[in-house]
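A short write-up of the structure that comes next.
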Amino acid sequence: MPNRQDNATGHPLFTNEYLIPLLELLAARGISPAQLVANTRLSPRAVGQPGTHISAREYDQIVRNAYRLSNDPLLGLEHGRRMSIASHGFLGFAVMASETLGEGLSLAVRYAGTRTGLARIRFRQNQEHCALEIVRAAALPDSFPFIAHNILSTLVTIARFLTRNSDTLAPIMRLIESEQRPPAFYEQLLDCEVEFNCDQYELVLPKAALSLEVSTANSVARHNAEQECERLLAEAPGENVDLASRVRTLLISYGSNLSLDDVAERLRISTRSLNRQLAQLNTSYRKMVEEVRREQATKLLHNSSLKISEIAAELGYTDTSNFVRAFRKWMGITPLNYRKLTKHVS
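Residues in the sequence shown are numbered from 1 upward in steps of one, following the UniProt record's numbering.
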């Protein structure tokens, strides 16, 4: 029976936005698109056009070509540095509109599957630090170092952008390989400390960095971008649909008053395992309930004539004032003002 990693190689990546900066990077080194797409079905012209769909196997071949032609084992790190936050589509917009860095990283972990099926991001934390571990999700070991380097470098770049390069950030990048260049080269390229010969690829941050405010925060924009990410995740190949999305589906189907024990029973896992796996996505059952209530509240406010008190009761709030406080926390405005705003826009 083929494993999930084998199956992932046959699915298309969504589009080639991530390859275009690579083309530009390699063109500066005298490497042409024709050389880069050798032994794939892609034409040199198509690979540089936004919206071109490519398979995981083709991506793997392109990466192997890039390594061979450039003779540069750090190509993925430099590629990640060139990625703008807009390169990540709705996921980038959702992260950019987050209130805090921790919230933005949670979205990156949760919706990584909307951008690629080749790797996943796993979150863990202790009292002092948090770590974002890059996990291989497809049977393509040759290209995984490039992918891991790319994601780590991108995360550092985005974190610095979101927090205006706060001193609190103090990122540490951990790589599996031994150093391929002098350590000073890495630190100059990445603007962070780098450790080598580690057990896994990961980015480590002080736990205090999760509370750093994002300069581009916008709760309404984040909500809208999150909804698009949910739609894209639902359309992604099955192996990219994480546990949080399955929990979300149950809460929508059975109501946000569904207990943690009920959800665990329906998913046929223990409550302990459910909590642990949600923590690896930098979320929790309580946060998932709030996400679903927030989404249902905005829909009811926009599409129904129900009173605020009736919407509160519909969502399981016994006290309307608690719902109003929760909504203000989610969206930055009261439910009534949100209804007026969205009715005006429509």
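Beta carbons: idealized from backbone N, C-alpha and C, even for Gly.
- Per the C-alpha coordinates, the member of Ile172, Pro44 and Val194 positioned closest to Pro182 is Val194.
- Around the Cβ of Gln127, a 10 Å sphere holds fewer than 16 other Cβ atoms; the residue is exposed.
- DSSP places Ala139 outside both helix and strand once states are collapsed to three, so it counts as coil.
- For Arg174, the closest of Leu118, Leu75, Leu23 and Leu132 by C-alpha to C-alpha distance is Leu132.
- Beta-bridge analysis with DSSP links Cys130 to Gln125 and Leu205.
- In this structure, the CA atom of Gly117 is about 20 Å from the CA atom of Leu75.
- With a threshold of 16 other beta carbon atoms within 10 Å, Ala28 falls short and is exposed.
- DSSP places Ser55 within a strand segment (E or B) once states are collapsed to three.
- Rounded to whole angstroms, the separation of the alpha carbons of Phe146 and Asn65 is 12 Å.
- Between Leu107 and Glu17, the alpha-carbon positions lie close to 19 Å from each other.
- Annotation: the continuous alpha helix (DSSP H) that includes Glu228 extends over Ser219 to Glu235.
- Around the beta carbon of Ser32, a 10 Å sphere encloses fewer than 16 other beta carbons of the protein chains shown; the residue is thus reported as exposed.
- With respect to Ala217, Glu291 sits apart: the two C-beta atoms are not nearer than 8 Å.
- With a minimum length of 4 residues, the unbroken runs of alpha helix (DSSP H) contained wholly in the UniProt domain "HTH araC/xylS-type" (245–341) fall at 260–267, 271–280, 285–303, 308–314 and 320–331.
- A straight line joining the alpha-carbon of Pro206 with that of Gly80 spans about 22 Å.
- Taken through DSSP and simplified to helix, strand or coil, Ala119 comes out as strand.
- Contact annotation: the segment 322–337 touches the segment 292–302, with at least three C-beta pairs closer than 8 Å.
- Sequence-distant partners of Gly102 (beyond 5 residues in either direction) whose C-beta falls short of 6 Å from its own C-beta, in its chain, are Leu210.
- With a threshold of 16 other beta carbon atoms within 10 Å, Thr157 meets it and is buried.
- In the structure shown, Met173 adopts extended strand secondary structure according to DSSP, grouped into three states.
- Residue pairing by DSSP places Val194 opposite Met173 in a beta bridge.
- A Cβ-Cβ distance of about 6 Å is found for the pair Val37 and Ile62, placing them in contact under the 8 Å criterion.
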